[in-house]
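Structure, as structure tokens:
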Amino acid sequence: MKPDSQKSRAALIAELVLLRQRLDGVEANAGDAPPRFRQNEAVLRKILEDSPIGVAVVSHPEDETQLTGKRLFVNEALARMFGGGALESFLTADISATWADLDQLAIFEHALINRVELTDFEARRVRMSDGSEWWASLNTRPLRFDGRDGTMVWHFDITDRVNGEIALRQSEERLKNILDNLPSAIFLQDADGRATLKNKRFDEWFGGSDMPLPAFLKSEATSGFDGKSGAGEVDLTLTDGSRRTLVASKFLVPGYAGASAAEGGADAPDAEATIVTDITKLAAAEKQLRQSQKMEAVGQLTGGIAHDFNNLLGVVIGNLEFLVDEADGNDRMSAMVATALKAALNGAELTHRLLAFSRKQPLSPKVIDLNEHVSDMLGLLRRTLGETITVDAHPAPDLWTTSVDPTQVENALLNLAVNARDAMPEGGTLTLETDNVTFDDEYAATNPEMAPGDYVVLAVTDTGDGIAPEIIERIFEPFFTTKRFGEGSGLGLSMVFGFARQSGGHASAYSKVGLGSTFRLYLPRADQESKTNATVVKDIPRSRGETVLVIEDNAEFRLLALNLLSDLGYGVLNAANGPDALAIAASAPRIDLILSDIVLPGGMNGPEAVQQIETLISDIPTLFMSGYPRDALTNNGRVNPGILLLEKPFRKVELAHKLREALGKTQTAPPENLG
């Protein structure tokens, strides 16, 4: 109740008390009072009857069986408060029946019996008309009425105020429940830096009321704060010992410095509100995303470089192979050519690693049992690592099959093993483990590098010196190496990373300085069982009179291909682009096979040119070649079923075998499925 209303109510009570006292005086002298006193009595009684305040006079209880006594007087206002009806019936009604709370009734009865005054006693009452409840504020005062001891009771209807207070409390309870169940910590602090409101999460993270506020949350930590929303990010150890990344947003709440809404208002000082959110998972995901984007950008760059070098190296390697034959019998010339060819092949291996990192190296996946491949490589690994390093294998029983390029998975394992050997110069133990693992949607949401699903894991653990945190973040970057100049290219681990990503999986590294390192390859689970298909061909097959149409835009490489094909006994036609090839196919008397680059100028790439030629020559075999086959590959770098692809740079023997493979089978996948 507002102060003004309280004052007016007190004034009314005082006025009624004065009237009652005057009435008592009139009654005391009624026997010999002149007519004007009796007239005054009538006036005073009329005032009580017409008062807007509910008034009742209750007699003093006659005995213990009638604790509340009887009503000696009630006015119209009180009768209306209890639901109306005749005053006579209300006078004789049971007083206790109008009380909703028996505990409150007991207090009232005690006041009547002991003639104790009650002031602003709030009680739940019951309307006699319909049984509904209402709230009254009671004030009592003992008096004499009609020559009997009694108590005057004033009733003020405060139902609206009480209901408002109840609604306010319920609203605050709902608000507190909402605040306590938020994932963020929330608190308000006044101008003195005292927390005036906190939620449950705040106490869990930063301790109870006795704990000092963390420095970054105090008002002085945001000097010059102008009331606008602000935020700060900090790494902090919480009371449970966990290390978290938190972000705090601050803003002003005008007129809300108290702990409850009732203490606020237009005249209340402003409070500073702070919302603290745990962004540990988000920060980790953002960091991983930035790293992934950086690796993707580097991959695009290295892939483009590798494409150009593959064309150059292809020309060099092809012509050096011709020189090998020309230098036959000239030992000095043969030695020089062999040295040059070895260097060129090393360069080709370098570009293959760049393509592996950039996920542009074509893969030929097969369904394999990873346990079998690891077991088959144990002998090679032990010979490669030397006697000072023990190699232990722990294959998981019932390991799922995986769909990967078996050659590349073996190369990846060899790279990881060699890397582990370099980390253990004094010897140690290399442990190989396999396992099945499933990542759900929740895990994938905070680890964007992993798609939800089933994976086969290959873990390679060494007992070396470990890797520092600032280094392990860059461990998969191409050309990054901790070895001395000339001891490593920095492409081994980047190739492993690229192979895993291109295979639909992921590679990760975990290390602690002084305790060793663990590298894990996550490879996608296959939908079928593994099959073994090994074909070894040693001879260089030659032409059987076929004619090959070569489509290649690089003039030097096109000339090399013509020379290699001619040397193998094939008839040769050539075109620099798709439209030229289409024109040749329309007029040539015979074409048995197409050897086409994938990326071509002139608005028509290799697969599109082949598709057009097939309208003229149905079911013509095709062998694609590319140093950067981004447009020929789908499904994350896997060669489409039925498509034959020859990677640049290639050697004469590789070309010869691929040609016979293409001529010995019918193309099963249409070119439009290549891009």
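Read in order, the letters of the sequence shown are residues 1302 to 1976 in our numbering. C-beta atoms are modelled at their ideal positions from N, C-alpha and C, and glycine is treated no differently.
Quick check: the region 1851-1860 against the region 1876-1890, are at least 3 beta-carbon pairs closer than 8 Å? yes
Inter-residue Cα distance where the pair is LEU1642 and ASP1536: Looking up residue 1642 in the sequence shown gives position 341. Looking up residue 1536 in the sequence shown gives position 235. Each residue's Cα considered, the two are about 56 Å apart.
Let's see if you can read the secondary structure: which residues bound the alpha helix (DSSP H) around LEU1815? Here the question's residue 1815 lines up with position 514 in the sequence shown. Here the sequence assigns Gly to residue 1815, which means Leu is not the residue at that position. Neither: GLY1815 is in no alpha helix (DSSP H) and is coded neither H nor E.
Given GLY1508, which residues of its chain have a CB within under 8 Å of its CB, disregarding the five upstream and five downstream residues? For the purposes of this step, residue 1508 is taken as residue 207 along the sequence shown, with counting starting at 1. Excluding residues within five positions, the ones whose Cβ falls inside 8 Å are THR1540.
In this structure, how does DSSP classify ARG1843 when only helix, strand and coil are distinguished? For the purposes of this step, residue 1843 is taken as the residue at position 542 of the sequence shown. Of the three classes helix, strand and coil, the one that applies to ARG1843 here is coil, per DSSP.
Give a yes or no on contact between the region 1686-1699 and the region 1734-1749, applying the rule of three or more CB pairs nearer than 8 Å. yes
Going by DSSP, name the residue or residues bridged to LEU1392. Taking the first residue of the sequence shown as 1, we reach residue 1392 at position 91. According to DSSP, LEU1392 bridges with nothing at all.
Using the beta-carbon count (16 or more within 10 Å), is ASN1482 buried or exposed? As a working note, residue 1482 is residue 181 in the sequence shown. The residue is exposed, with fewer than 16 neighbouring Cβ atoms inside 10 Å.
Assuming ALA1424 and ALA1437 make a contact with CB atoms under 8 Å, what is their CB distance in whole Å? Position 123 of the sequence shown holds residue 1424. Position 136 of the sequence shown holds residue 1437. With a Cβ gap of about 6 Å, ALA1424 and ALA1437 count as contacting.
Quick one: is PRO1770 buried, meaning 16 or more other Cβ sit within 10 Å of its Cβ, or exposed? Against the sequence shown, residue 1770 aligns to sequence position 469. Per the 10 Å Cβ criterion, exposed.
Contact check, ASP1579 vs ARG1545, beta carbons under 8 Å: Counted from its first residue, the sequence shown places residue 1579 at position 278. Counted from its first residue, the sequence shown places residue 1545 at position 244. Taking 8 Å as the Cβ cut-off, ASP1579 and ARG1545 qualify as a contacting pair.
Contact check, ALA1572 vs ASP1491, beta carbons under 8 Å: Taking the sequence shown and counting its residues from 1, the one referred to as residue 1572 is at position 271. Taking the sequence shown and counting its residues from 1, the one referred to as residue 1491 is at position 190. Yes, the Cβ-Cβ distance between ALA1572 and ASP1491 is below 8 Å.
Cβ neighbour criterion (16 or more within 10 Å) applied to SER1530: Indexing the sequence shown from 1 puts residue 1530 at position 229. Only weak support is given to the placement of SER1530: the predicted model assigns it a pLDDT of 45, under 50, and the value that follows is read from those uncertain coordinates. Answer is exposed; the Cβ neighbour count stays below 16.
Under 7 Å Cβ to Cβ from ARG1722, same chain only, skipping five residues before and after it: list those, please. Numbered from its first residue, the sequence shown carries residue 1722 at position 421. So the qualifying residues of the chain are LEU1686 and ILE1690.
Distance, PHE1503 Cα to ILE1354 Cα: Within the sequence shown, numbered from 1, the residue matching residue 1354 stands at position 53. Within the sequence shown, numbered from 1, the residue matching residue 1503 stands at position 202. Spanning the two alpha carbons is a distance of roughly 49 Å.
Report the residue from ASP1461, ASP1458 and LEU1498 whose alpha carbon sits nearest the alpha carbon of LYS1477. Within the sequence shown, numbered from 1, the residue matching residue 1477 stands at position 176. Checking every option, the nearest Cα to that of LYS1477 belongs to LEU1498.
First and last residue of the beta strand (DSSP E) that includes MET1453? By 1-based counting over the sequence shown, the position of residue 1453 is 152. Per DSSP, MET1453 belongs to the beta strand (DSSP E) from 1449-1458.
Just to confirm the assignment, what range does the beta strand (DSSP E) spanning TRP1701 have? Position 400 of the sequence shown holds residue 1701. No beta strand (DSSP E) contains TRP1701, which DSSP labels as neither H nor E.
Between the CA atoms of THR1640 and ALA1889 - distance to the nearest angstrom: Taking the first residue of the sequence shown as position 1, residue 1889 is located at position 588. Taking the first residue of the sequence shown as position 1, residue 1640 is located at position 339. Distance between the alpha carbons of ALA1889 and THR1640 is about 42 Å.
Over what stretch of residues does the alpha helix (DSSP H) that includes ARG1722 continue unbroken? Within the sequence shown, residue 1722 is the residue found at index 421, counting from 1. Taken as a continuous stretch (DSSP letters only), the alpha helix (DSSP H) holding ARG1722 covers 1707-1724.
Exposed or buried, which one is ARG1449 when buried takes at least 16 other CB atoms within 10 Å? For the purposes of this step, residue 1449 is taken as residue 148 along the sequence shown, with counting starting at 1. Exposed, since its Cβ has fewer than 16 Cβ neighbours within 10 Å.
Buried or exposed by the 16-neighbour rule on C-beta atoms within 10 Å, applied to HIS1411: What you label residue 1411 is simply residue 110 of the sequence shown in a count that begins at 1. Exposed, since its Cβ has fewer than 16 Cβ neighbours within 10 Å.
Expressed to the nearest angstrom, what Euclidean distance is found between the alpha-carbon atoms of ALA1884 and ILE1618? Position 583 of the sequence shown, counted from the first residue, corresponds to residue 1884. Position 317 of the sequence shown, counted from the first residue, corresponds to residue 1618. Using only the alpha carbons, I get a separation of about 31 Å.
Does the distance from the C-beta atom of GLY1767 to that of SER1818 stay below 8 Å? Locating residue 1767 in the sequence shown gives position 466, where the first residue counts as 1. Locating residue 1818 in the sequence shown gives position 517, where the first residue counts as 1. In this structure, SER1818 lies closer than 8 Å to GLY1767 by Cβ.
Taking the alpha-carbon positions, what's the GLY1385 to GLN1471 distance? As a working note, residue 1385 is residue 84 in the sequence shown. As a working note, residue 1471 is residue 170 in the sequence shown. Separation of GLY1385 and GLN1471 (C-alpha to C-alpha, rounded to the nearest whole angstrom) is 32 Å.
Mark PRO1908 as exposed unless 16 or more other C-beta atoms lie within 10 angstroms of its C-beta, in which case mark it buried. Taking the first residue of the sequence shown as position 1, residue 1908 is located at position 607. Label assigned to PRO1908: buried.
Take ALA1549 as the anchor and find which of PRO1555, GLY1542 and THR1581 has the nearest alpha-carbon. On the sequence shown, position 248 is the one that residue 1549 refers to. For the residues PRO1555, GLY1542 and THR1581, the minimum Cα distance to ALA1549 belongs to THR1581.
Between the C-alpha atoms of ASP1755 and MET1678, what's the straight-line distance to the nearest angstrom? Start at 1 with the first residue of the sequence shown, and residue 1755 comes out as number 454. Start at 1 with the first residue of the sequence shown, and residue 1678 comes out as number 377. Distance between the alpha carbons of ASP1755 and MET1678: 25 Å.
Excluding five sequence neighbours on each side, which residues of the same chain lie with their C-beta closer than 8 Å to the C-beta of VAL1954? Sequence index remark: in the sequence shown, residue 1954 carries index 653 (1-based). So the list reads ILE1841, once near-sequence residues are dropped.
Three-way DSSP call (helix, strand, coil) for ASP1632 in this model: Locating residue 1632 in the sequence shown gives position 331, counting from the first residue. ASP1632 falls in the helix class under three-state DSSP.
Assign PRO1555 to one of two classes, buried (16 or more other C-beta atoms within 10 Å of its C-beta) or exposed (fewer than that). For the purposes of this step, residue 1555 is taken as the residue at position 254 of the sequence shown. When all chains shown are included, PRO1555 counts as exposed.
Let me know the secondary structure DSSP gives ALA1645 once reduced to three states. Within the sequence shown, numbered from 1, the residue matching residue 1645 stands at position 344. It is helical.
In whole angstroms, give me the CA-to-CA distance for ALA1882 and LEU1866. Translated into positions along the sequence shown, residue 1882 becomes position 581. Translated into positions along the sequence shown, residue 1866 becomes position 565. Rounded to the nearest angstrom, the two C-alpha atoms are 17 Å apart.
How should GLY1542 be labelled, buried or exposed, when 16 other C-beta atoms within 10 angstroms of its C-beta is the threshold for buried? The residue labelled residue 1542 in the question sits at position 241 within the sequence shown. GLY1542 comes out exposed.
What do you reckon, are the CB atoms on ALA1745 and ALA1752 nearer than 8 Å? In the sequence shown, counting from the first residue as 1, residue 1745 sits at position 444. In the sequence shown, counting from the first residue as 1, residue 1752 sits at position 451. Their beta carbons are under 8 Å apart, which means ALA1745 touches ALA1752 by this criterion.
Whole-angstrom distance between ILE1899 and ARG1660, CA atom to CA atom: Taking the first residue of the sequence shown as position 1, residue 1660 is located at position 359. Taking the first residue of the sequence shown as position 1, residue 1899 is located at position 598. Any reading at ARG1660 needs caution, since the residue's pLDDT is 46, under 50, leaving its predicted position unreliable; the model's value is listed next. ARG1660 and ILE1899: Cα-Cα distance of roughly 17 Å.
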